[in-house]
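J.: Sharing a structure below in C-alpha cells format, with a few things to ask.
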Amino acid sequence: MKLLIGTNNKYKLAQYKRVFAEMDLQVEILSLFDVGIEFDVKEDGDNLLENAEKKAREYAELSGFLTVADDTGLFVDTLNGEPGIHAKRWHEGNDNDRCLKLLEKLKNIPPDKRSCKYIGVVAAYDPKEKKLWHTQSEIDGLIVDDLRGNNGFGYDPIFFVKKFGKRFAELNDSEIDSISHRTNGAKEFIKKYLDSVKK
Numbered sequence: 002m003k004l005l006i007g008t009n010n011k012y013k014l015a016q017y018k019r020v021f022a023e024m025d026l027q028v029e030i031l032s033l034f035d036v037g038i039e040f041d042v043k044e045d046g047d048n049l050l051e052n053a054e055k056k057a058r059e060y061a062e063l064s065g066f067l068t069v070a071d072d073t074g075l076f077v078d079t080l081n082g083e084p085g086i087h088a089k090r091w092h093e094g095n096d097n098d099r100c101l102k103l104l105e106k107l108k109n110i111p112p113d114k115r116s117c118k119y120i121g122v123v124a125a126y127d128p129k130e131k132k133l134w135h136t137q138s139e140i141d142g143l144i145v146d147d148l149r150g151n152n153g154f155g156y157d158p159i160f161f162v163k164k165f166g167k168r169f170a171e172l173n174d175s176e177i178d179s180i181s182h183r184t185n186g187a188k189e190f191i192k193k194y195l196d197s198v199k200k
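One point on numbering: in the working numbering, the residue at position 156 of the sequence shown is 157, and numbering is uninterrupted.
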C-alpha cells in the first residue's frame with residue numbers, strides 16, 4: 002500500500018514515517034516531493050477538522066493516493082483559547098516571532114496560570130473510494146518563558162510537558178511519539194482503515 006503524507010513539514014513527515022515503521026506495516030510512505038506536488042493547501046477552514054480534511058482530500062485527488070494530513074492548534078486557557086486554530090497565522094513572522102509574541106501576551110500571567118493544550122486532528126482520504134476518516138487527540142501543557150530545544154517547530158520551544166519536565170522541543174523522538182497527538186491520531190486512523198478494508 003502506498004500512503005501519501007500531505008505536508009511539507011520535515012518534522013511531521015519524519016514522525017509519520019516513524020509511526021508506520023513502528024507498526025510494522027507494509028506501507029510505502031510518499032512525500033509531496035515524491036509525487037511532484039510543490040505547494041501548501043490553504044488552511045482557510047473554520048476549525049481544525051475542516052483544515053485537515055481539506056488538505057487530505059486535495060492532495061489525494063491530485064496524487065491519486067490514499068493521503069494523510071493533519072492540522073494542529075494551540076489553545077491557551079487564560080487567552081480564551083488563542084492562538085487556537087490560527088496558531089501558524091496568529092502573528093506575522095516565523096515560529097520564533099510567534100513564540101515571543103505569545104510570551105509577551107503572557108508576561109503578567111503567573112507560571113501556574115499558563116495552562117494550554119495542543120489539539121490535533123489527523124484526517125485521511127481515499128480518492129478511489131471517496132472515503133474520509135479522521136481522529137482527534139490532545140496534549141496538555143504549560144507555556145513557559147525562554148525558548149529551548151531544537152527537536153520541534155511552532156510553539157514547541159515554550160510548550161512545557163509536565164510528564165517529562167521539559168519543553169516539547171527538548172524531547173527526543175521516542176518521548177515525542179509516546180504522547181504526540183499526531184502519533185496517536187495516525188495509529189488510530191490506520192486501525193480504522195484496516196478494519197474498513199477487512200469488511
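Even for Gly, the Cβ is constructed at its ideal location relative to N, Cα and C.
With DSSP as the reference, identify every bridge partner of residue 137, one or two as the case may be.
T.: On the sequence shown, residue 137 is found 136 positions in, with the first residue counted as 1. Beta-bridge pairing links residue 137 to 122.
J.: Taking residue 46 as the reference, give the member of 163, 159, 122 with the closest Cα.
T.: The sequence position of residue 46 within the sequence shown is 45, counting from 1. Closest option to residue 46, Cα to Cα, is 122.
J.: Within the same chain, show all residues whose beta-carbon is closer than 7 Å to that of residue 96, passing over the 5 residues directly before and after it, in chain order.
T.: Locating residue 96 in the sequence shown gives position 95, where the first residue counts as 1. The residues are 154, 155.
J.: Which residue comes first and which comes last in the beta strand (DSSP E) that contains residue 30?
T.: One-based indexing of the sequence shown puts residue 30 at position 29. 29-31 is the extent of the beta strand (DSSP E) around residue 30.
J.: If you run the structure through DSSP and keep just helix, strand and coil, what is residue 110?
T.: For the purposes of this step, residue 110 is taken as the residue at position 109 of the sequence shown. In this structure, residue 110 counts as coil in the three-state DSSP scheme.
J.: Can you tell me which of 58, 149, 135 puts its alpha carbon nearest to the alpha carbon of residue 66?
T.: Taking the sequence shown and counting its residues from 1, one reaches residue 66 at position 65. If we check each option's Cα against that of residue 66, 58 comes out closest.
J.: Can you list the alpha helix (DSSP H) stretches of 4 or more residues lying completely in the stretch 34-116, in chain order?
T.: DSSP runs (the alpha helix (DSSP H)) wholly in the stretch 34-116: 49-64, 96-106.
J.: For residue 87, is the classification buried or exposed, using 16 other Cβ atoms within 10 angstroms of its Cβ as the cut-off for buried?
T.: Your numbering for residue 87 matches position 86 in the sequence shown. By the neighbour-count rule (16 or more Cβ atoms within 10 Å), residue 87 is not buried but exposed.
J.: How would you write the range of the alpha helix (DSSP H) that residue 20 sits in, first residue to last?
T.: Walking along the sequence shown from the start, residue 20 turns up at place 19. Start and end: 11-23.
J.: When you compare each of 31, 120, 196, 52 to residue 184 by their alpha carbons, which one comes out closest?
T.: In the sequence shown, residue 184 corresponds to position 183, counting from 1. Of the candidates 31, 120, 196, 52, the one whose C-alpha sits nearest the C-alpha of residue 184 is 120.
J.: If I measure Cβ to Cβ from residue 164 and keep anything under 7 Å in the same chain, skipping five residues before and after, which residues do I get?
T.: Counting from 1 along the sequence shown, the entry for residue 164 is found at position 163. So the list reads 180, once near-sequence residues are dropped.
J.: Enumerate, from N- to C-terminal direction, the unbroken beta strand (DSSP E) stretches of 3 or more residues contained entirely within the stretch 125-180.
T.: Complete beta strand (DSSP E) runs here, min 3: 132-144, 160-162.
J.: Just to confirm my understanding: we take residue 41, look at its own chain, exclude 5 residues before and 5 after, and list those with CB closer than 7 Å. What are they?
T.: Translated into positions along the sequence shown, residue 41 becomes position 40. So the qualifying residues of the chain are 9.
J.: Taking the beta carbon of residue 55 as the centre, do at least 16 other beta carbons fall within 10 Å, making it buried, or is it exposed?
T.: By one-based count along the sequence shown, residue 55 stands at place 54. Under this definition residue 55 is a buried residue.
J.: Have a look at 62, 168, 195 and flag the residue whose alpha-carbon is nearest the alpha-carbon of residue 151.
T.: Indexing the sequence shown from 1 puts residue 151 at position 150. Comparing Cα-Cα distances from residue 151 to each of 62, 168, 195, the minimum goes to 168.
J.: In the DSSP assignment, find the unbroken beta strand (DSSP E) run with residue 5 in it and report its ends.
T.: One-based indexing of the sequence shown puts residue 5 at position 4. Run containing residue 5: 3-6, per the beta strand (DSSP E) assignment.
J.: Compute the minimum distance between the beta carbon of residue 111 and the heavy atoms of the ligand ADP, and state whether it is under 7 Å.
T.: Annotation note on the ligand ADP: not contained in the displayed structure, which lists no ligands.
J.: To which residues of the same chain is residue 12 closer than 7 Å at the C-beta, ignoring the five residues directly before and after it?
T.: Residue mapping note: residue 12 aligns to position 11 of the sequence shown, counting from 1. Taken in chain order, the residues that qualify are 153, 154.
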